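Scroll down for the structure; my scribbles are underneath it.
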Amino acid sequence: MRSPLATIAFTLNGRAVEVRADPARRLADVLREDLGLTGTKIGCNAGDCGACTVLLDGAQVCACLVPFGRVAGCRITTVEGLAEEGGALSALQTAFLRHGAAQCGICTPGMLMAAADLLARTPHPTEAEVMDALGGVLCRCTGYRKIIEAVLDASGPIPSPQLNPLRRDEAKREPSVGTRLAKVDGVAKLTGAEKFGADALPDEPFLTLRAVRSPHAHARFTIGDLAPLYAAHPGLVRVLTAADIPGRNLYGIYPTGKDQPVLAEGYVRHRGEPVCALVGDADTLAAIRDEDVPITWHVLPPVPFETAADGPDLHAHAPGNVLCRGRVARGDVEAAEAAAHARAAIAVRTSFVEHAYIEPEAGYAQRIGDRIEVVACTQTPYMDRDEIAGILGIAPEQVRVVPTAVGGGFGGKLDLSIQPLVCVAAWLLRRPVRMVYTRPESMGATTKRHPAAIHAEAWADAEGRLLAFRFHGDFDTGAYASWGPTVANRVPVHAMGPYAVPNVLCTTAAIHTTAPPSGAFRGFGVPQAAIAGEALMDMLAERLGLDPWEIRRRNALGVGSVTATGQVLGPGAALPECLDAIRPRWQALRAEATAFNRNARGPLRRGAGLACMWYGIGNTSLSNPSEMVMGLRRDGRAVLFSGAVDIGQGSNTIMVQIAADALGVPPSAVELVAGDTDRTRDAGKTSASRQTFVSGNAAKRAGEALRAEILRRCNAGPEAVITLAEGRVIVNDGGVATTLDLAALAPDAEGIVLRGEGRFDPPTTELDADGQGIPYATYAFAAQAALVEVDTALGTVRVVRIVAAHDVGRAINPTLVEGQIHGGIAQGLGLALMEEFMPGRTENLHDYLIPTIGDVPPIEVILIEQPDSLGPYGAKGVGEPALIATAPAILNAIAHATGVRMTHVPATPDRVLAALTQ
Amino acid sequence: MGLYLRPTTLEGALALLAERPRTVLAGGTDHFPARVASTPDEDILDISALPGLRAIVRHGSYWVVPCLATWSDLIAAPLPAAFDGLKAAARQVGGPQVQNLGTVVGNICNASPAADGIPCLLTLDAEVVLASRAGRRTIPLADFVLGPRRTARRPEELVLALQIPAPPETARASFLKLGARRYLVISIVMVAAYAEIAADGRIARARIAVGACSPVARRLFALEADLIGRRPDPALVEVRHLAPLAPIDDVRGTAAYRRAAALELVRRAVAALGAEEALAAA
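Line order of the protein sequences matches chains E and W.
The letter at position 377 of the first sequence is residue 864 when you use our numbering, and the numbering goes up by one with no holes.
The letter at position 109 of the second sequence is residue 245 when you use our numbering, and the numbering goes up by one with no holes.
Spelled out as structure tokens, the structure:
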């Protein structure tokens, strides 16, 4: 219900304005909807995330907590008002760009405004002051450390050797690969210009859609007569139900696994499942409560993880609620047990973990003739396209997917969210339809990290060499398949950790329950498995009197090692190098902890923990090609057409750097056309840490192909230097310059006169019934060490420091690689210590806790650059590898500090104290 | 249709409240979070434009925290050492964004079991001043907060201010908040301690309160009595002193954990009273 409009006069970004609006509305909504200032982001509407931070009379406030009527006579400053006169970035914005402090960019306006408030009051703050000032803004990508660096750098001349000048690439012939090039899409993220899912609007007037969702985990339902609802709300255009889906009312990740309805058909399998959708103007929808919709519920008992085998079966194709199983078997575990000197066993439980990206799912669809266009945040435009086609019953070519900027994904935006409903509505109503998830909806209705129940055992000889490893993990895959099969297949390959083990039996099962679907989340089950495996390594070391580093080094997979699937690792398998690099830091942390405890009189104890990880890059034993096109326009500009969606990790920048070097031009000469299924080829999904390795190879090949075409036309040799100029290309081959007149060439529909295409599909093989074969073309490795402090009287754990040595093949852009590692560590810390999603109970960002700026400790990153023979310029992925070792390192550190091993994560204060007092 | 009004005089505000019940909005930091999924049809009385109700001042034998004083105002105010605990609590309410908007009075009106301000205010013997067209009345804070989200405010009343008896020079205070992360955290347990220390270092008067362990934050009167005449010593705190608490299991922790943590934190808070500088954080 709206109050009468009022005209409010205030000062906005230095200018006097008068705005007529409902004074009871949130300032954030008025800024975005009425004034078009979408730089102010809405992450929660509850003051929990700080994304909407603006300055009110110079003081930082959440614009979602201010009634518009209150700004009368006040000064409001938004991110759009931060730049200098003339539009140049401010010193603070420049520092953010230089340090890579913005990844996805959704929290960036909030961070900038909080920092601007601080610097206006305290021009030269300490690190503690920066953390206090920015403590009200959550970031899910960066791990905060580069944000702190940037604010400190902006506040004064603190020379940092890490910094490269922004325009280093202007020195043309210098390779871009390996430099700290500022993000090519960075400026828009710092000015508020970047359009995320909720910022992109159709040109025409549009309708709004809201889903009505099940409040029950398991129920049957009927929808009654809707006529009274329509009569009571003239602005209600349509109530969509399952009967309205034009095509197949089922979707899912796997071709054989379409099991999730767009709208439930009389039966719901999880809380938050959509049962119908209201379409109308926003005010009308706001006035309709869910209870006003005539739905009769017949509630059924839930099917919990612990007893899912007892039924009832949630899907006919999954008897016993087992969706699928995975298995890797090698050697003879039982025979090896008998010969072993030491054995360790553990049972581990993990919880639902929510992606908690700060951008809730949002976007719109519009029908154009017999085609549908959807503009939304997504990690996988081509899979979306094919799914939407199935749901609408049309050909994939009739669907255009245009990804917006993505405000964090981490796997959660690999599944469809708003797309099916807005597409169905826009298709049927022939009007643009928009949907924005609320925070509770984003958390309650979308996929999660699989909870796991793991039993694992390991055996070693007297020298600590691993003889055998046995593992079984049940994974709660929730109501629908989603990426459950991926977890079930990936985990057995990785479960024994990055070690050579001759005898292995690893099995998994994905179990259906009446919880929200578990899907893809940074690591696909491997982080959960690593908690068990890395605990076993420490337990064996203790039994054998070995240092945790020593037992890992003796077993580490390296070049030429044979994995449990029988794969011989090629050049680039650099775990031994990671361990050697981290060794002095590890010894120092261990000594620091021991010295601290020797002098401790109070309840505080410190501990140092070590963990290793490995991770196969790309899909498991499945073809997952990427295709890229690079062309020259008539005006002499190079264009890279990249379908790889940048979800903040930086693939836009990485692709440009790789393609520029392949063509032999500076990256500033390359324009990027990104992620539009009508304009870019399929570069697969932004998942499985595959974009740098797979799409990067395709970009390299496209650049090389274009270079070859140019050189061929100029009859130049391979060492020739290419210079792009206005309307022409100059090729200098050993002092002989040839000019290619681009204006004389005929352009194609995209305005391209010369083109090169590149494709790469990582070479893998199918796995046999024992999981033997080549599941991945390459693997990334890492070793991380954590120093923690445990309050043994309260059970609280503070992480003091992390050292992370990562085998990345080649760091295409070290700043972005470090940013991925920092962000992965922050999520690993959350997994270990605080994150636990409970359906219906923690569907907001104050009951569901993710790390804040004060929770992520200083991180030292050590990059091991041992080129991978298949990677573009030797590079491999780092997105998921960044996270996997963190939680086990922290848990091992807690064990070192206290002697107590936490086997149920998150290790919240109550669980830690219970374990300590047992 | 819901009506939003923002009067500029106290008389005007009280007249509007006399007309019919309205949702009173000051800082908005609890108001809007309760309206994420849907917006109820309600009349809103935004009191943020009322004059003269923001500055924290000494008035006779009282310190007065008016209804528009924010947490940030409190942190910045020059107050005696006995307010150090309340200031520490203020610095841990939400983030700076919330501290800049949220009011201390709003915190007691919202009456959350985990309200950050209430334990310290209880130990400061705060009183609540309510105003209506019929006049003013003053009641102890302990009588104002009746239960979760329930207070003694009548629909036609506005909470005008908190008034706190000016503590003696010898008074000191501590506050400890336990949460599962550094910032933006709702308390699992919090403890406020206040004591007047005699010249010989012994406790002349003590007040101890625990929050988030019962529907309303509770004073530990038995402990307070046992501390009199003693030097601050954590060993004086016994399990029986926590009898008034009735913690529950929730997403932040189990009841058993809350009992154990409350005992530990009360001991630390008492120990801090004897320290040179009172502790400010868990």
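Backbone N, C-alpha and C define an ideal beta-carbon position, used for all residues, glycine too.
Just so we're clear, the structure is a prediction, and the values are computed from it rather than from any experiment.
query: Coil, strand or helix - residue 902/E by DSSP; result: coil
query: Bridge partner(s) assigned by DSSP for residue 1174/E; result: Paired residue(s): none; residue 1174/E is not in a bridge.
query: Inter-residue CB distance, residue 732/E and residue 749/E (contact presumed, cutoff 8 angstroms); result: 5 angstroms
query: Residue(s) in a DSSP beta bridge with residue 229/W; result: Note: residue 229/W sits in no beta bridge, so no partner.
query: Against chain E: residues of the segment 372-405 of chain W by CB proximity under 7 angstroms; result: 387, 389, 390, 393, 396, 397 and 400
query: Paired residues, beta bridge with residue 860/E - DSSP; result: 853/E and 887/E
query: Local conformation of residue 892/E per DSSP, three classes; result: strand
query: Cβ shell of residue 319/W (< 7 angstroms), same chain only, five flanking positions each side left out; result: 231
query: Residues in the segment 1318-1333 of chain E having any Cβ partner in chain W nearer than 9 angstroms; result: 1320, 1321, 1323, 1325, 1328, 1329, 1331, 1332 and 1333
query: Inter-stretch contact at 8 angstroms, needing at least 3 Cβ pairs: the segment 1100-1118 of chain E / the segment 861-881 of chain E; result: no
query: Residue from 1293/E, 1259/E and 1188/E with nearest C-alpha to residue 1063/E; result: 1293/E
query: Cα-Cα separation, residue 222/W to residue 295/W; result: 19 angstroms
query: Beta-carbon proximity check, residue 225/W vs residue 256/W, cutoff 9 angstroms; result: yes
query: Sufficient close CB pairs (3 or more, under 8 angstroms) joining the segment 500-518 of chain E to the segment 555-568 of chain E; result: yes
query: C-beta atoms of residue 770/E and residue 807/E nearer than 9 angstroms; result: no
query: Paired residues, beta bridge with residue 339/W - DSSP; result: 333/W
query: Continuous beta strand (DSSP E) stretch holding residue 1158/E: start and end; result: 1157-1161
query: Burial state of residue 535/E, where buried means 16 or more other Cβ atoms lie within 10 Å; result: buried
query: Cutoff 7 angstroms; reference residue 691/E; Cβ partners in own chain excluding five residues on either side; result: 919
query: CB contact check: residue 330/W to chain E, cutoff 9 angstroms; result: no
query: Backbone CA spacing between residue 1402/E and residue 1381/E [nearest angstrom]; result: 11 angstroms
query: Cβ contact (3+ pairs, closer than 8 angstroms) linking the segment 148-167 of chain W and the segment 267-277 of chain W; result: yes
query: Cβ-Cβ distance between residue 409/W and residue 395/W below 9 angstroms; result: no
query: Euclidean distance between Cα positions of residue 1314/E and residue 1368/E; result: 12 angstroms
query: Check whether residue 1002/E and residue 839/E have beta carbons under 9 angstroms apart; result: yes
query: Interface positions of the segment 533-551 of chain E facing chain W (Cβ-Cβ less than 7 angstroms), listed along the chain; result: 533, 534, 535, 537, 540, 546, 547, 548, 549 and 551
query: Beta-carbon contacts of residue 887/E that lie in its chain and below 6 angstroms, excluding the five residues immediately before and after; result: 860, 1164 and 1165
query: C-beta neighbour in chain E for residue 254/W, strict 9 angstroms; result: no
query: Straight-line Cα distance separating residue 515/E from residue 555/E; result: 8 angstroms
query: Per DSSP, cross-strand counterpart(s) of residue 386/W; result: 389/W
query: Residue 507/E at chain W interface by Cβ criterion, 9 angstroms; result: no
query: Positions along the segment 178-189 of chain W whose CB lies within less than 7 angstroms of some CB in chain E; result: 180, 182 and 184
query: Residue nearest to residue 884/E in terms of C-alpha spacing, selected from 902/E, 858/E, 907/E and 1155/E; result: 858/E
query: Rounded straight-line distance, which links the Cα of residue 958/E to that of residue 1391/E; result: 17 angstroms
query: Backbone CA spacing between residue 592/E and residue 1135/E [nearest angstrom]; result: 7 angstroms
query: Three-state class that DSSP yields for residue 556/E in the structure shown; result: helix
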